[in-house]
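**Student:**
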Amino acid sequence: MKEQEGSFIKDFFKLESASGIVLVVSSVFAILLANSPLNSYYTLLIETPVMIRVGGFEISKPLLLWVNDGLMAVFFFLVGLELKREFLEGELSDPRNITLPALGALGGMAVPAGIYLLFNHNDPVAVKGWAIPAATDIAFALGVLALLGSRVPTSLKIFLMSLAIFDDVGAILIIAMFYTSKISLSAMAVVIACLVILFVLNYRGYAEKSLYILTGIVMWVATLKSGVHATLAGIVLAFFIPIKSQTEPDRSPLKSMEHDLHTAVAFVILPVFALCNSGINLNGVGFEELGHPVPLGIALGLFLGKQLGVFSLCWVGVRLGLTKLPGDMSLRQLYGVSVLTGIGFTMSLFIGSLAFEETGVNLMFDERLGIILGSFASGAAGYFILRKTGNP
């Protein structure tokens, strides 16, 4: 049994690491497209209108928003499945394993947001992007750790994964509370009806996945029309998927869905998201653009804010006796992985699209520039710090 669990963990880390590499390739390809003669075709592609219409009901959005609202709902559904499993059966089911990454996640969200607001508090439009540097991209960060091989202990990888889970919870709460538009009561009524159906299915121990998925699709459409961001439907649906079947104890609908979705999300959905959102035209970019408060606040929030927030709160927690470092992890390695948490790529881009897509002011260039600079600097610095620390 222990060998099977060890094999599962190794396979999981390999999958996340490979996903990070594919994300890098997709992002670089998008930047190359945006800075080539094919830029007009790239822009035309992501702005292509896509419409679904049934009678008088229709959903019409550009391709970019179908990716951000639709495909990313599947990503958040997988995140929800992972969260539920981790809290019920995984590393976070043991309270002793929660405090250190929870403190790190709290500091890693608060300090970057504070740095961003320091540069942008006088601009009522730019201030909407305060949460952009508060996110961590687990696929990229684990990809960097994988390059270090045996130089980093398994406990460091588990810490990074656990911190990213709390980080995701924080991002979900931020999206729910701060990035929703006007609420449609009729659409919300449909969402509530779907929640009641999901509750009944879960309460009765219904284990067939098809009815959960069908109800989830209806809930996604209603959430999209309600004004609440549609990706939240994915998270909510995941919490109702049973982790065990009452009639077949050895069967887990949740783990089955998680296993089925991992490859599609890692190698299709996230790379497509990166391809559609990373294209930034760098022609004419100089010190003036780099010094703009939005990219500067994001880049410094990711690179400085993340490492300061994560490391300092974890260090304070250890010093006060609230938690302790795993036996095979040193403070230097904790600092190195704190720097890596400044890789905010996927989630930062997503929150940035929510923050600025409806402002009427084009800050998407500034946002992407800051994310790319901050994430690259964090990845490179974290890699070299951890490479030099070795095992404690």
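Going by my numbering, the first residue of the sequence shown is number 247, and it counts up by one from there. From the three backbone atoms N, C-alpha and C, an ideal C-beta is built for every residue, glycine too. These numbers were taken from a predicted model, which means no experiment stands behind them.
Relative to the C-alpha of GLU304, which candidate in ASN281, VAL320, LEU352 and VAL467 has its C-alpha closest?
**Tutor:** The residue with the shortest Cα to Cα distance from GLU304 is VAL467.
**Student:** Just confirm the distance between the C-beta atoms of ILE489 and SER502, as a whole number of angstroms; I'd bet it's less than 8 Å.
**Tutor:** No, ILE489 and SER502 are not in contact; Cβ-Cβ is about 10 Å, not under 8 Å.
**Student:** I think ILE487 touches LEU500, with their Cβ atoms under 8 Å apart; what is that distance to the nearest whole Å?
**Tutor:** That belief holds up - the Cβ atoms of ILE487 and LEU500 are roughly 5 Å apart, short of 8 Å.
**Student:** If contacts are defined as beta-carbon pairs under 8 Å, then GLY525 and LEU310 qualify, I think. What distance do you get, rounded to the angstrom?
**Tutor:** Incorrect: roughly 10 Å between the Cβ atoms, too far for contact.
**Student:** Within 10 angstroms of the Cβ of HIS367, are there 16 or more other Cβ atoms? Answer buried if so, exposed if not.
**Tutor:** The residue is exposed, with fewer than 16 neighbouring Cβ atoms inside 10 Å.
**Student:** Runs of 4 residues minimum, wholly inside the segment 541 to 568: which ones carry the alpha helix (DSSP H) assignment?
**Tutor:** Segments of the alpha helix (DSSP H) lying fully in the segment 541 to 568: 552 to 565.
**Student:** Could you tell me how far apart the beta carbons of ILE420 and VAL325 are, in whole angstroms, since I believe they sit closer than 8 Å?
**Tutor:** Incorrect: roughly 14 Å between the Cβ atoms, too far for contact.
**Student:** At what residues does the alpha helix (DSSP H) containing GLU304 begin and finish?
**Tutor:** Not the alpha helix (DSSP H): GLU304 falls in the beta strand (DSSP E), residues 303 to 308.
**Student:** Output the distance between the C-alpha atoms of PHE602 and GLY375, rounded to the nearest integer angstrom.
**Tutor:** The straight-line gap from Cα to Cα measures roughly 7 Å.
**Student:** Taking GLY598 as the reference, which of THR587, VAL540 and ASP414 has the closest Cα?
**Tutor:** Nearest of THR587, VAL540 and ASP414 to GLY598, Cα basis: VAL540.
**Student:** Excluding five sequence neighbours on each side, which residues of the same chain lie with their C-beta closer than 8 Å to the C-beta of LEU447?
**Tutor:** Taken in chain order, the residues that qualify are LEU457, TYR458, THR461 and PHE486.
**Student:** Runs of 4 residues minimum, wholly inside the segment 427 to 473: which ones carry the alpha helix (DSSP H) assignment?
**Tutor:** With a minimum length of 4 residues, the continuous alpha helix (DSSP H) runs that stay inside the segment 427 to 473 are 431 to 449 and 455 to 472.
**Student:** What would DSSP say about VAL300, mapped onto helix, strand or coil?
**Tutor:** Strand.
**Student:** In or out: TYR449 buried (at least 16 other Cβ within 10 Å) or exposed?
**Tutor:** Exposed: under 16 other Cβ atoms inside 10 Å.
**Student:** Hey, how far is the Cα of GLY354 from the Cα of PHE412?
**Tutor:** Cα to Cα, GLY354 sits roughly 10 Å from PHE412.
**Student:** For the alpha helix (DSSP H) that GLY537 lies in, which residues bound it at each end?
**Tutor:** Counting along the chain, GLY537 falls outside any alpha helix (DSSP H), and DSSP gives it neither H nor E.
**Student:** State the beta-bridge partners of PRO295 as determined by DSSP.
**Tutor:** The partner list for PRO295 (beta bridge, DSSP) reads PRO308.
**Student:** So is PRO517 buried or exposed if we call it buried at 16+ other beta carbons inside 10 Å?
**Tutor:** Buried: at least 16 other Cβ atoms inside 10 Å.
**Student:** From the DSSP output, in three-state form, read off PRO370 for me.
**Tutor:** Coil.
**Student:** State the Cα-Cα distance for the pair VAL585 and GLY473, rounded to the nearest angstrom.
**Tutor:** Approximately 36 Å between the Cα atoms of the pair.
**Student:** Can you grab the Cα-Cα spacing for the pair PRO572 / TYR629, in whole Å?
**Tutor:** For PRO572 and TYR629, the distance between alpha carbons rounds to 21 Å.
**Student:** Given that a residue counts as buried once 16 or more other Cβ atoms are within 10 Å of its Cβ, and exposed if not, what is SER265?
**Tutor:** Under this definition SER265 is a buried residue.
**Student:** Under 8 Å, do GLU613 and ILE378 count as touching if we go by C-beta distance?
**Tutor:** In this structure, ILE378 lies closer than 8 Å to GLU613 by Cβ.
**Student:** By a C-beta neighbour count over all protein chains shown, 10 Å radius and 16 as the cutoff for buried, is ARG331 buried or exposed?
**Tutor:** Flag for ARG331 reads buried.
**Student:** To the nearest whole angstrom, what separates the beta carbons of LEU559 and LEU349, a pair I think is in contact under 8 Å?
**Tutor:** LEU559 to LEU349, Cβ: 4 Å. Contact.
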